[in-house]
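Here the structure comes first, spelled out in structure tokens, and everything after it is commentary.
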Amino acid sequence: MISNSNNNSRLIAKYPFLSNAADYLKVLNYSLEEFNDPSLANIIDKASKRVLAAINGIVYDELEDADIEIVSFLLACIMVRATKVKNLYKRFALAEAKRAEMFLIQDLSKDSKITIDNILRVIFRDLFNVDVIYDKDNALFKIRVEDYLRYSTNFHDGYWRLVNRIVHKGYVHLNSKDVIRLIRDELMLIIASKIEGMSIDEGRLPEPIAKYVNAFRAMVYENKEFSVFRIDKGRYPPCIVNILNTLEQGGNPSHTARVLLATYMLAIGNSVDEVCELFKNAPDYNANITRYQVEHLAGLRGNMVRYACPSCEKVMLQGLCYKSKECEGIKNPVQFTIKGRYEQRDG
Amino acid sequence: MDETINIVRQAFREFYYNNYNLIEAPNAIEEREFGYFKFDGTMVRHLSFKSINELIALLIREVPADVYCSSAYYSYPTRVMQEKGLKGADLIFDIDIKELKPQCAERHDVYLCSICKSSLQSNSTCEKCNSSSIKHIPIPCNECINLGKSEVRKLLNILEDDFAIDSSNKDEVCVYFSGNNGFHVHIKGRYTNLDSNARAEVVNYLSAKGLVYDILFKSNRGKEVRVLKGSSYKDKDNKNPNHATNIKFLLNPDGYGWVGRVSRYILNNRRGKSKYINNNYYADGNTIDDALLKLSVRIDPNVTIDMHRIFRLAGTLNSKSSLAKVICDDLNSFNPFNDACFISDREVNAYIIKAPRFTLKGNTFGPFMEEHAKIPLYAFCYLACKGLASIVTDE
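Chains as they are written, first to last, in the numbering used here: chain A, 84 to 430; chain B, 21 to 415.
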């Protein structure tokens, strides 16, 4: 059933989310029903290993037979989609994006300019419409300022601020690791949307795959990190609603957005536990880290200073303001709730 | 309406009637939101015009105190903010000379009590009515304007070197006198699609805000500036990443961006020849922070970041001065006191609370201190717009 690898197979095995992966499968001439065949159990096992790694927050780093890696990726996507657990889509997508990041670091560190230019073409230009210029003499990558900002503004750390970058003639200079990290979250979104877009008839799944799907679903339901929160957003100002919407859709709000949400929720009287709950949908959610950070903001750790919710002016400067007419006259998002502006919105 | 305001409004009407050719039609005019302040202080927003002629007709009819146009392009400019459909926005920088703290300010700026309108020596409590509500009224001089021009040049240089914005290309960059006490720099082209977060990053870059030497220098890979081996990165209290101890940075005047700029500045201003900066200090005792303060651009962050803001329209009058917002074709020779003053010359009788010596249209006036004077309408409007003069009628 599975043919020999063609020239591109190794590239697609590393980066199976590339648009031509599906075409590649047609070449392999496989059908889902064939996975009832016990001789293909090794591929199903491999697929399950990928999903399991994602659930446990680790990166599946095997790269053996290219064809098997590609098929196992697609089977893993099918399994994840069949669980119908949206948080798992993001979790799996993040793990696969990290795997791709690992290979990208290797590929962009190679001496071959042809290899590097090929990666820059198929990943950066074709997938993200970002032109990256490789300067072999100086071993650096140049990306247009506006493309850099499109991705870097999602990052929390001062390291990613434009002011801490070498900027010259409209380009930001980056090393290979940074140029890859820049697009990793977007890779995650691409993989997640591919999973979301799959149409799976669970009743027609081969028995060995269905068994794994049920097992994963059970694991996920037992794991408190995957529980889904729902919240009544009617009481909150538009800036907070926007962050809650992002989280609800499994998006990855910026650091400043997270600080705003946490300080706001603490200020209107929520407990640390309640605030931690809000972040469960974030793709990079880690219960311990989230708790540590929220406790820090609540003044229970570090310098024991409780952080105030930033003012509307600061929220605006951070690009997080989605002012509505109900916001008029308030200087801090907390006032929106305290003054009951949400009642006006309803009325 | 107060007679002084009436006279100023008439002067504005005359200006719009005679100088409508100065009013600049923004590109994609139908995608812009317009707004204006009336002389009674009320604001009208969410207007849209299909052509410059429609706009001119409104200005002559309504005679606004101030006229604004969005830097943003919208699908539906007349709708409420959430429904406008933002398509992009010109990148705008606002340099306010007051914020540059000109040293000459104390020689010419005026402080007025907001309650009893008496003039004060400084920003203190009013001796007459004991009010602490004091209004600071800048009266810029040539020195102030030159300070503003230097800041504009600094901005244009960084935009050109680092962002590849060609300041000689008028289709891409326009520098305007704001009509009062500053300059506006409008950028069109490749950066119009930046969102607010990205604009905040550009602002921080230009003002060197958040610059951490350790990150910047380390990210600069080998050839340029680097931290020497064995250096420790954190200060004792671990509070400020820039206050590192035992760090040596290798200066590289050929480097790009802030690294090159800071290096060149320090090497040009230090006595020794060493290419290292030790412990963040260089020979004459100044720090990298001092260098950054000299090299960075002081711009109003809100103006650049807020894409929904409506901004003074070029070719219209500023009600804080009665001067016009006009393009500076040649920044060096531009003189706002000649080139932006369009009010007519007929004389009026005025009562002037206080004014330093000032020059408009080549004529020098003042100083004045609580006195009556017969002055040209343009000088009267200039002072009246600043709240320093009122009209004296024959009655």
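Glycine included, every Cβ here is placed at the ideal spot set by N, Cα and C. No experiment lies behind these values; they were computed from the predicted model shown.
For the beta strand (DSSP E) that Phe378/B lies in, which residues bound it at each end? To locate residue 378/B, count along the second sequence from 1; it is residue 358. Counting along the chain, the beta strand (DSSP E) containing Phe378/B begins and ends at 378 to 380.
Where does Thr62/B land, buried or exposed, given buried means 16+ other C-beta within 10 angstroms? As a working mapping, residue 62/B is identified with position 42 in the second sequence. By the neighbour-count rule (16 or more Cβ atoms within 10 Å), Thr62/B is not buried but exposed.
Applying a beta-carbon distance threshold of less than 8 Å, which residues of chain A neighbour Gln102/B? In the second sequence, counting from the first residue as 1, residue 102/B sits at position 82. The answer, in chain order, is Tyr405, Ser407.
Could you tell me the boundaries of the beta strand (DSSP E) in which Val377/A lies? As a first step, residue 377/A is located in the first sequence; it is residue number 294 there, counting from the start. For Val377/A, there is no enclosing beta strand (DSSP E); the enclosing alpha helix (DSSP H) has its first and last residue at 370 to 380.
Should Glu53/B be labelled buried (16 or more other beta-carbon atoms within 10 Å of its own) or exposed? Position 33 of the second sequence, counting from 1, holds the residue named residue 53/B. With 16 or more neighbouring CB atoms inside 10 Å of its own CB, Glu53/B falls in the buried class.
On the three-state DSSP scale, how would you describe Ser90/B? As a first step, residue 90/B is located in the second sequence; it is residue number 70 there, counting from the start. The answer is strand: DSSP assigns Ser90/B an E or B state.
When the Cα atoms are used, what is the spatial distance from Cys164/B to Ala391/A? Taking the first residue of the second sequence as 1, we reach residue 164/B at position 144. Taking the first residue of the first sequence as 1, we reach residue 391/A at position 308. Cys164/B and Ala391/A have their alpha carbons spaced roughly 39 Å apart.
For Asp429/A, collect the residues of the same chain with a Cβ closer than 8 Å to its Cβ; drop the 5 residues on either side in sequence, then sort them by chain order. Taking the first residue of the first sequence as position 1, residue 429/A is located at position 346. Note on Asp429/A: pLDDT 36, under 50, position unreliable in the model; the coordinate value appears next. So the list reads Gly317, once near-sequence residues are dropped.
Within 10 angstroms of the Cβ of Lys249/B, are there 16 or more other Cβ atoms? Answer buried if so, exposed if not. In the second sequence, counting from the first residue as 1, residue 249/B sits at position 229. Model confidence at Lys249/B stands at a pLDDT of 31, short of 50, so the residue's coordinates are unreliable; what they give is reported in the following sentence. Per the 10 Å Cβ criterion, exposed.
Out of Leu171/A, Ala159/A, Tyr143/A, state which residue places its alpha-carbon closest to the alpha-carbon of Tyr304/A. Working through the first sequence from its first residue, we reach residue 304/A at position 221. If you compare the alpha carbons of Leu171/A, Ala159/A, Tyr143/A with that of Tyr304/A, the shortest gap goes to Leu171/A.
At a Cβ threshold of 8 Å, is Asp257/B touching chain A? By 1-based counting over the second sequence, the position of residue 257/B is 237. Caution applies to Asp257/B, whose pLDDT of 43 falls short of 50 and renders its modelled position unreliable; the value that the coordinates give is listed next. Chain A, which has no Cβ nearer than 8 Å to the Cβ of Asp257/B, makes this no.
Continuous alpha helix (DSSP H) stretch holding Asn224/B: start and end: Here residue 224/B corresponds to residue number 204 of the second sequence, with the count starting at 1. Taken as a continuous stretch (DSSP letters only), the alpha helix (DSSP H) holding Asn224/B covers 216 to 226.
Give me whichever residues DSSP pairs with Arg227/A in a beta bridge. Locating residue 227/A in the first sequence gives position 144, where the first residue counts as 1. Answer by DSSP bridge pairing, in chain order: Tyr254/A.
For Ala183/A, the nearest candidate out of Lys406/A, Ala165/A, Asp200/A, Asp268/A (CA to CA): Within the first sequence, the letter at position 100 stands for residue 183/A. Among Lys406/A, Ala165/A, Asp200/A, Asp268/A, the Cα nearest to that of Ala183/A belongs to Asp268/A.
Looking at the structure shown, is Asp186/B part of a helix, part of a strand, or coil, going by DSSP? As a first step, residue 186/B is located in the second sequence; it is residue number 166 there, counting from the start. The answer is coil: DSSP assigns Asp186/B none of H, G, I, E or B.
Rounded C-alpha distance that separates Arg438/B from Asn26/B: Absent from the structure is residue 438/B, since the part of chain B shown begins at 21 and ends at 415.
Looking only at its chain, what residues have a beta carbon closer than 6 Å to the beta carbon of Ala404/B, apart from the 5 residues adjacent to it on each side? As a position in the second sequence, residue 404/B is number 384, starting the count at 1. Once the five neighbours on either side are set aside, the close Cβ partners of Ala404/B are Thr24, Val28.
With respect to the alpha helix (DSSP H) encompassing Asp128/A, which residues constitute its N-terminal and C-terminal limits? Along the first sequence, read from residue 1 onward, the residue named residue 128/A stands at position 45. Residues 124 to 138.
Amino acids of chain A, ordered along the chain, whose beta-carbon sits closer than 9 Å to that of Leu271/B: To locate residue 271/B, count along the second sequence from 1; it is residue 251. Contact note: Leu271/B does not reach chain A at a C-beta cutoff of 9 Å; the least C-beta distance is about 15 Å.
Mind checking Pro121/A: buried by the 16 CB within 10 Å criterion, or exposed? In the first sequence, the residue the question calls residue 121/A occupies position 38. Pro121/A is exposed by the Cβ-count criterion.
Of all Cβ atoms in chain A, is any one closer than 8 Å to the Cβ of Asn224/B? Taking the second sequence and counting its residues from 1, the one referred to as residue 224/B is at position 204. For Asn224/B, the answer is yes, since a Cβ of chain A falls inside 8 Å of its Cβ.
Please determine, among Ala85/B, Ile115/B, Gly407/B, the residue with the shortest C-alpha to C-alpha distance to Asn166/B. Counting from 1 along the second sequence, the entry for residue 166/B is found at position 146. When the alpha-carbon of Asn166/B is set against those of Ala85/B, Ile115/B, Gly407/B, the nearest one is in Ile115/B.
DSSP three-state label for Thr307/B, please. In the second sequence, counting from the first residue as 1, residue 307/B sits at position 287. Thr307/B falls in the strand class under three-state DSSP.
In terms of alpha-carbon separation, which member of Gly286/A, Phe186/A, Leu245/A, Ala137/A lies closest to Ala176/A? Within the first sequence, the letter at position 93 stands for residue 176/A. For the residues Gly286/A, Phe186/A, Leu245/A, Ala137/A, the minimum Cα distance to Ala176/A belongs to Ala137/A.
Please classify Leu313/B as buried or exposed, where buried requires at least 16 other C-beta atoms within 10 Å of its C-beta. Taking the second sequence and counting its residues from 1, the one referred to as residue 313/B is at position 293. Counting Cβ neighbours within 10 Å, Leu313/B comes out exposed, since fewer than 16 surround it.
Determine, for Leu400/A, whether the minimum Cβ-Cβ distance to residues of chain B falls below 8 Å. Along the first sequence, read from residue 1 onward, the residue named residue 400/A stands at position 317. Yes, because at least one Cβ of chain B sits closer than 8 Å to the Cβ of Leu400/A.
Are the C-beta atoms of Asp309/B and some chain A residue less than 8 Å apart? In the second sequence, residue 309/B corresponds to position 289, counting from 1. Not an interface residue.
With a Cβ-Cβ cutoff of 8 Å, do Gly277/B and Val250/A count as a contact? In the second sequence, the residue the question calls residue 277/B occupies position 257. In the first sequence, the residue the question calls residue 250/A occupies position 167. With respect to Val250/A, Gly277/B sits close: the two C-beta atoms are nearer than 8 Å.
Should Asp129/B be labelled buried (16 or more other beta-carbon atoms within 10 Å of its own) or exposed? Numbered from its first residue, the second sequence carries residue 129/B at position 109. Looking at its Cβ environment, which holds 16 or more other Cβ atoms inside 10 Å, Asp129/B is buried.
How would you call Tyr319/A, buried or exposed, if buried means at least 16 neighbouring beta carbons within 10 angstroms? Position 236 of the first sequence, counting from 1, holds the residue named residue 319/A. Burial call: buried.
Less than 8 Å between the beta carbons of Phe400/B and Ala370/B, yes or no? Within the second sequence, numbered from 1, the residue matching residue 400/B stands at position 380. Within the second sequence, numbered from 1, the residue matching residue 370/B stands at position 350. Their beta carbons are under 8 Å apart, which means Phe400/B touches Ala370/B by this criterion.
With respect to the alpha helix (DSSP H) encompassing His128/B, which residues constitute its N-terminal and C-terminal limits? One-based indexing of the second sequence puts residue 128/B at position 108. Segment 125 to 128, the alpha helix (DSSP H) holding His128/B.
Could you tell me which chain D residues have their CB closer than 9 Å to the CB of Phe183/B, listed as they occur along the chain? Considering every chain present, this structure includes no chain D. Its protein chains are A and B.
Could you tell me the distance, in whole angstroms, from the CA atom of Ala180/A to the CA atom of Lys104/B? Indexing the first sequence from 1 puts residue 180/A at position 97. Indexing the second sequence from 1 puts residue 104/B at position 84. So the two alpha carbons sit approximately 36 Å from each other.
Going by Cα to Cα distance, which pick from Ser394/A, Pro416/A, Glu147/A, Lys277/A is closest to Arg164/A? The residue given as residue 164/A occupies position 81 in the first sequence. Nearest C-alpha to Arg164/A: Lys277/A.
I need the boundaries of the beta strand (DSSP E) containing Lys394/B, first residue and last residue. Numbered from 1 along the second sequence, position 374 holds the residue referred to as residue 394/B. From DSSP, the beta strand (DSSP E) with Lys394/B extends over 388 to 396.
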